[in-house]
Amino acid sequence: MRNLFDHLDKVQRVLASRPFGLVTDVDGTISWIAPSPQEAIVSPMCRRYLSALVDRLDLVAVISGRPLSEVMGMVGVEGVVYVGNHGLEMWNKDAPQMWPGSERYIDIIASAVDALNNMLDIDGLFFENKGLTASIHYRNCTDTDFARGQILAVVESLSQVGDLRITDGRKVVELRPRLEVDKGSALKSLIEKYDLSGVIYIGDDVSDVDAFEALHNSRIKGMAIGVGSDEAPSQLYEAADFAIDGVGQVERLLGQLVEVTTD
Ligand SMILES: [Mg+2]
311 MRNLFDHLDK
321 VQRVLASRPF
331 GLVTDVDGTI
341 SWIAPSPQEA
351 IVSPMCRRYL
361 SALVDRLDLV
371 AVISGRPLSE
381 VMGMVGVEGV
391 VYVGNHGLEM
401 WNKDAPQMWP
411 GSERYIDIIA
421 SAVDALNNML
431 DIDGLFFENK
441 GLTASIHYRN
451 CTDTDFARGQ
461 ILAVVESLSQ
471 VGDLRITDGR
481 KVVELRPRLE
491 VDKGSALKSL
501 IEKYDLSGVI
511 YIGDDVSDVD
521 AFEALHNSRI
531 KGMAIGVGSD
541 EAPSQLYEAA
551 DFAIDGVGQV
561 ERLLGQLVEV
571 TTD
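Okay, here's the thing in structure tokens:
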């Protein structure tokens with residue numbers, strides 16, 4: 311994989327395609343992975359750079375698998391456009407907006423999480439009901455491969471499984487509505503809504519690959535940047551135009567964007 315920092319001219323070229331949008335994932339991209347989602351914090355440097363970029367770019371957006379209210383509180387930068395729950399929730403004007411037809415999944419997700427809670431008894435598992443989606447984190451289990459296998463087996467036996475999409479992430483199994491909504495569709499709607507001609511998208515996980523592909527399938531000038539780690543899935547490197555290493559290099563990249571957009 312080519313080193314992005316040797317190809318900053320390419321970054322400049324995408325940036326010159328106005329209207330330009332910077333779109334980023336949160337966990338593992340601008341925030342360090344923590345033992346539990348509640349302990350994760352956004353890099354103060356990333357927050358500062360994002361806040362500077364809001365005034366210089368046509369769009370700065372964040373797309374996360376976290377619930378919308380949580381991601382807004384966690385990032386907390388005014389002027390950023392927030393998308394939560396893998397595209398199912400978006401902040402629109404002054405109010406949160408759910409993807410049409412997704413409301414009915416709140417009960418389905420809640421009952422699935424209850425059932426899993428009763429059926430799975432493994433030390434270190436953490437169940438997170440996020441409203442329209444749910445996460446089962448196994449990062450703190452002694453044998454993470456075993457835990458993942460057990461979770462997937464039990465999920466397959468759920469009566470709700472026909473309504474759900476089961477996806478994998480960094481030490482997490484996710485339950486999502488069986489809808490055509492993901493970070494890719496979310497990015498596509500941002501490109502349309504803000505009439506973007508250039509986009510840089512940064513992400514670290516399987517769900518971000520959907521956004522990489524949406525960017526490559528669009529007609530605009532796009533750059534998909536994968537944030538590498540020892541947990542990064544191989545699809546991430548295959549779909550990314552460039553890979554960078556960890557949150558530290560995301561800080562460096564955002565700093566460069568601030569620098570080159572300074573008059
Ligand atoms: Mg992530």
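Numbering (the numbering used here), first residue to last: 311 to 573.
The beta-carbon is built from N, C-alpha and C at its ideal position, and this holds for glycine as well.
As the structure is a prediction and not an experimental result, all values here were calculated from the model.
Can you tell me whether DSSP reads Ser495 as helix, strand or coil? helix
Should Asp514 be counted as a contact of ligand 1 given a C-beta to heavy atom distance under 7 Å? yes
Assuming Asp478 and Val516 form a contact by the criterion Cβ under 8 Å, report the distance between their Cβ atoms to the nearest whole angstrom. The beta carbons of Asp478 and Val516 sit about 6 Å from each other, so the pair counts as a contact at 8 Å.
Just checking my contact of Ile461 with Leu485 at CB under 8 Å: how many whole Å lie between their CB atoms? Contact check for Ile461 and Leu485: beta-carbon distance about 10 Å, past the 8 Å limit, so the pair fails to qualify.
Completely contained alpha helix (DSSP H) runs for the stretch 357-396, where each covers 4 or more residues: 378-385
For Val560, which option in Leu468, Phe437 and Arg358 has the closest C-alpha, if you only look at C-alpha atoms? Arg358
DSSP on Asp555, reduced to helix/strand/coil? strand
Which of the three DSSP states, helix, strand or coil, is assigned to Gly479? strand
Is it a yes or a no for the stretch 528-536 touching the stretch 396-411, going by three-plus beta-carbon pairs under 8 Å? no
Comparing C-alpha positions only, which one of Asp551, Tyr448, Gln545 and Val537 sits nearest to Lys481? Tyr448
In the stretch 508-538, which residue ranges form an unbroken beta strand (DSSP E) of at least 3 residues, counting only runs that do not cross its ends? 508-513 and 531-538
Please state whether DSSP places Leu564 in a helix, a strand or coil. helix
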